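Taken in order, these protein sequences are the chains called A and B. Just so you know, we're using my numbering here: the first sequence kicks off at 2 and counts up by one. Just so you know, we're using my numbering here: the second sequence kicks off at 2 and counts up by one. We put the CB at the ideal spot given by N, CA and C, even for glycine. A quick note: this is a predicted structure, and the numbers were derived from the prediction, not measured.
Number of protein chains: 2
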Amino acid sequence: MTDSEVGTRSTRQRQAVVSALEEATSFSTAQELHESLRARGTKVGLATVYRSLQRMADAGDVDVIRNDTGEAFYRRCSSHHHHHLICRECGRAVEVSGPAVEEWADRIASENGFSDVSHSLELVGTCNACAAGR
Amino acid sequence: MTDSEVGTRSTRQRQAVVSALEEATSFSTAQELHESLRARGTKVGLATVYRSLQRMADAGDVDVIRNDTGEAFYRRCSSHHHHHLICRECGRAVEVSGPAVEEWADRIASENGFSDVSHSLELVGTCNACAAGR
DNA sequence: TGATTGTCGAGAATGATTCTCATACTCTAG
DNA sequence: CTAGAGTATGAGAATCATTCTCGACAATCA
């Protein structure tokens, strides 16, 4: 079995994880997704949620970010390269992209003799709705 | 006791953690620092290493980044705002700063109605030494 | 020196994530 | 449609980094 052959079967559990992700409006942990599935009466094992998320992350179908305690958060995202602007209060996330940043990253990398550079970038702030509600 | 009053005492253990950090040429985990202290014959508890690192991180004296498995890596850094360009093979880290990125982040944030925006950015690549050695 | 109070250390506890392995299910060839 | 092969699942154990607990110790200061 090669890597490209795994994760191809369509099961009730995988569809459930996908739909839970699509209902979520912000980044969610595996545990939260598992809980929301249980709450709606869909029985899916926690390990399966983790496996599904990992496979989707590997395939690039979901984005993974980590908070400052190292917990992983998942979100269904567009497939092109982008970054996130996340509200620190409500968790709402906006996809943003910045050619300027990509160019800057490449330039900095080559100036320092680095090659094959990838980058991770997240913006965290307070969205207007949350700022207004205080 | 207020926050400003904690972490003021000078102890052998704290000095040891600081010196271990200064000897390290790249980002290190708490476990690695603990091990290097033990290796040189300095007895310091693991919990103390964690506590010292956390306090320094809170004070802004060290930078913390996380790898893709969520483990925390620490490094003694300059105190002004900056980012890192890290070699994925040898772990060597270069501090970089980019006014362009800061401005872009602020602009994107305000365009989307976000305020109080902070950002995290890391560049990962292969340094020239490692690229040459292959 | 003695009192006060922060700090240490060993090991237990925590919590997210991964692993194990017996069982159930998908998919496809026939 | 059906059996067979091989993948996927689930419950709970295992892992592993990190944090907590609490009695003992040490830094600071009068």
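Local conformation of V18 of chain A per DSSP, three classes: In the first sequence, the residue the question calls residue 18 of chain A occupies position 17. Correct three-state label for V18 of chain A: helix.
query: Around the Cβ of H35 of chain B, are there at least 16 other Cβ atoms within 10 angstroms (buried) or fewer (exposed)?
result: Your numbering for residue 35 of chain B matches position 34 in the second sequence. It counts as buried.
| message | For T127 of chain A and C78 of chain A, which I take to be in contact (beta-carbon distance under 8 Å), what is that distance rounded to the nearest angstrom? | response | For the purposes of this step, residue 127 of chain A is identified with residue 126 of the first sequence, where counting begins at 1. For the purposes of this step, residue 78 of chain A is identified with residue 77 of the first sequence, where counting begins at 1. Going by Cβ atoms, the distance from T127 of chain A to C78 of chain A rounds to 22 Å, so no, they are not a contact pair.
Check whether chain B comes within 8 Å of E123 of chain A, counting only Cβ atoms and requiring the distance to be less than that. The residue you call residue 123 of chain A lines up with position 122 of the first sequence. Yes, its Cβ sits closer than 8 Å to a Cβ of chain B.
Check your understanding: Under a Cβ-count criterion, where at least 16 other Cβ atoms within 10 Å of its own Cβ denotes burial, should S29 of chain A be classed as buried or exposed?
Key -> The count along the first sequence starts at 1 and reaches residue 29 of chain A at position 28. Under this definition S29 of chain A is a buried residue.
(Q) According to DSSP, is C128 of chain A part of a helix, a strand, or is it coil? (A) Counting from 1 along the first sequence, the entry for residue 128 of chain A is found at position 127. In the structure shown, C128 of chain A sits in coil (DSSP, three-state: anything other than H, G, I, E or B).
Are the beta-carbon atoms belonging to L122 of chain B and L122 of chain A less than 8 Å from one another? Counting from 1 along the second sequence, the entry for residue 122 of chain B is found at position 121. Counting from 1 along the first sequence, the entry for residue 122 of chain A is found at position 121. The answer is yes: Cβ separation under 8 Å.
When DSSP labels each residue in this structure, what does H83 of chain B get in the three-state scheme? As a working mapping, residue 83 of chain B is identified with position 82 in the second sequence. If DSSP states are grouped into helix, strand and coil, H83 of chain B belongs with coil.
query: In terms of residue numbering, what span does the beta strand (DSSP E) encompassing A73 of chain B cover?
result: Along the second sequence, read from residue 1 onward, the residue named residue 73 of chain B stands at position 72. Unbroken beta strand (DSSP E) run through A73 of chain B: 73 to 77.
Point to revise | Reference E90 of chain A, options A:R13, A:A132, A:E24, closest by Cα | key: Stepping through the first sequence from its first residue, residue 90 of chain A is reached at position 89. The residue with the shortest Cα to Cα distance from E90 of chain A is A:A132.
| When you compare each of A:R41, A:G114, A:N68 to V97 of chain B by their alpha carbons, which one comes out closest? | Along the second sequence, one-based indexing puts residue 97 of chain B at 96. Out of A:R41, A:G114, A:N68, A:G114 has the C-alpha closest to the C-alpha of V97 of chain B.
Handout entry: CB contact check: T30 of chain A to chain B, cutoff 8 Å
Key = To locate residue 30 of chain A, count along the first sequence from 1; it is residue 29. Chain B, which has no Cβ nearer than 8 Å to the Cβ of T30 of chain A, makes this no.
Original post:
CA-CA distance, Q16 of chain B and A40 of chain B?
Top reply: As a position in the second sequence, residue 16 of chain B is number 15, starting the count at 1. As a position in the second sequence, residue 40 of chain B is number 39, starting the count at 1. Going from the Cα of Q16 of chain B to the Cα of A40 of chain B covers about 16 Å.
- Query: Between S53 of chain B and D59 of chain B, what straight-line distance do the alpha-carbon atoms span, to the nearest angstrom?
  - Reply: Here residue 53 of chain B is taken as the residue at index 52 of the second sequence, counted from 1. Here residue 59 of chain B is taken as the residue at index 58 of the second sequence, counted from 1. Their backbone Cα atoms lie some 10 Å apart in a straight line.
Under the three-state reduction of DSSP, which class applies to V45 of chain A: helix, strand or coil?
Here the question's residue 45 of chain A lines up with position 44 in the first sequence. In this structure, V45 of chain A counts as coil in the three-state DSSP scheme.
#### Entry: Outcome for D64 of chain A when other beta-carbon atoms lying within 10 angstroms are tallied against a minimum of 16
For this step, residue 64 of chain A is matched to residue 63 along the first sequence. So D64 of chain A ends up on the buried side.
Check your understanding: To the nearest whole angstrom, what separates the beta carbons of L22 of chain A and Y75 of chain A, a pair I think is in contact under 8 Å?
Key -> Position 21 of the first sequence, counted from the start, is the residue given in the question as residue 22 of chain A. Position 74 of the first sequence, counted from the start, is the residue given in the question as residue 75 of chain A. Yes, they are in contact, since the Cβ atoms of L22 of chain A and Y75 of chain A sit about 7 Å apart, within 8 Å.
Item checked: Top-ranked residue by Cα proximity to V125 of chain B, from A:S80, A:S116, A:R93 -> Position 124 of the second sequence, counting from 1, holds the residue named residue 125 of chain B. Looking at the Cα atoms, A:S116 is the closest of the given residues.
| If we ignore side chains and look at the alpha-carbon of each, how far apart do D62 of chain A and D62 of chain B end up? | Sequence index remark: in the first sequence, residue 62 of chain A carries index 61 (1-based). Sequence index remark: in the second sequence, residue 62 of chain B carries index 61 (1-based). Using only the alpha carbons, I get a separation of about 37 Å.
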